[in-house]
Amino acid sequence: MVFQMLKNLNLRFARKHLKIIIGIVVVFVLLYTLTPLGKRDKEERQIPTLEKKQVLRSFTASGTIEPKNKAIFHFPTPGKVVWVRVKKGDFIYSGQTLASLDITELQASWRQAEQDFIAAKAEVEKVYDETGRKVDETFAEKVKRTSAEAKQNKAFDSMKKIEKQIQDATLISSISGVVTDILIRRGENVGLTETIEIVDPSGFYFKADVDETDYSHVFLDQKVRIMLDAFKGEVFNGIVSFIGLATEITSSGVSFVPVEIDLDSSKKIIDGLTGEAEFMIK
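If you use our numbering, the sequence shown corresponds to residues 1177 to 1458, in order.
Right, dumping it as structure tokens:
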């Protein structure tokens, strides 16, 4: 009976202080989770995740913009300029005449060469008539015949040479494009150093000076990013279209491989712009 009374007393005590006991347990749990030990246990239970990322490798090379089609014309022989039909900035079509030299003396020389050829040809015909073009001609007849033929051939070559000089006295453009520089002026005597430069503005490429140490990472159709000094902050896309077959030397004596890159750009690109190319490596 005494045991039953104690049991009832404990039950009444437990019911009376149940809220206090629950409160103590909640406080203990909160304190555990907020302590460094609790946090560390929670972090240790977290499972790390792997994130897949793409790493791009690249290298850079400096270079310049160059036209795909460019020509510099000059007279092959010295002479006096009688007319110039173009000026800087003009658009020229292929086959159009640019300038011409005085050919007065050349024409006189050609007429003399023509007369010499006619006379030499007549002499050859005379020799043929005298010998009858015998198969068993004597040694003297052979000498006379070959001498006349040689004289005729020499006169013919002289005439053709002057004809070529007359043709070369007129400059004719072999490409279509814009006249970017002209040093030939009417009334002046010119030589090989006086020129007319024409650039085709329809196509340009970026010529990169790739260091030898990066040469093995260059391949055709490789993607390249071009940054030109004239267009700050802009990037032009391009692909490698040609890789040089021999190294070149810079003015400072550094060896490099020339690499041509076709550009994809709607910007007004011009000859000589400088910049940097970034080659993407797979």
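Built from N, CA and C at the ideal position, the CB exists for glycine as well.
Under DSSP, no beta-bridge partner is assigned to A1345. Cα atoms of A1237 and D1387: separation of roughly 7 Å, rounded to the nearest angstrom. In the three-state scheme derived from DSSP, where H, G and I count as helix and E and B as strand, V1319 is classed as helix. Annotation for E1436: the continuous beta strand (DSSP E) segment containing it runs 1431–1440. Residue environment analysis places G1409 among the exposed positions, since fewer than 16 neighbouring C-beta atoms fall within 10 angstroms of its C-beta. For a cut-off of 8 Å, the C-beta gap from L1439 to Y1381 is around 6 Å, short enough to register as a contact. The C-beta separation of V1355 from I1268 comes to about 6 Å, placing the pair in contact by the 8 Å criterion.
Below 8 Å, too few C-beta pairs join the stretch 1247–1259 and the stretch 1290–1300 to call them touching: fewer than three. Per DSSP, V1303 has no beta-bridge partner at all.
Runs of the beta strand (DSSP E) lying entirely within the stretch 1237–1272 and spanning at least 3 residues, in chain order: 1246–1249, 1255–1260. A straight-line Cα-Cα distance of about 20 Å links Y1304 and Q1291. Looking only at L1368, W1286, R1321, the smallest Cα-Cα distance to D1333 is reached by W1286. Of the candidates K1244, A1331, F1249, T1423, the residue whose Cα lies closest to the Cα of G1367 is F1249. Inclusion of G1451 and L1404 in the CB contact set at 7 Å is warranted, their separation being smaller than that value. Between F1293 and M1335, the beta carbon gap of about 5 Å places them in contact (Cβ cut-off 8 Å).
Within the same chain, and ignoring the five residues on either side of S1417 in sequence, the residues whose Cβ sits closer than 6 Å to its Cβ are E1436, D1438. Taking a C-beta distance under 7 Å as the contact criterion, V1262 and L1277 do not qualify as a contact pair.
Shown here, I1445 sits in coil according to DSSP, grouped into three states, outside any helix or strand.
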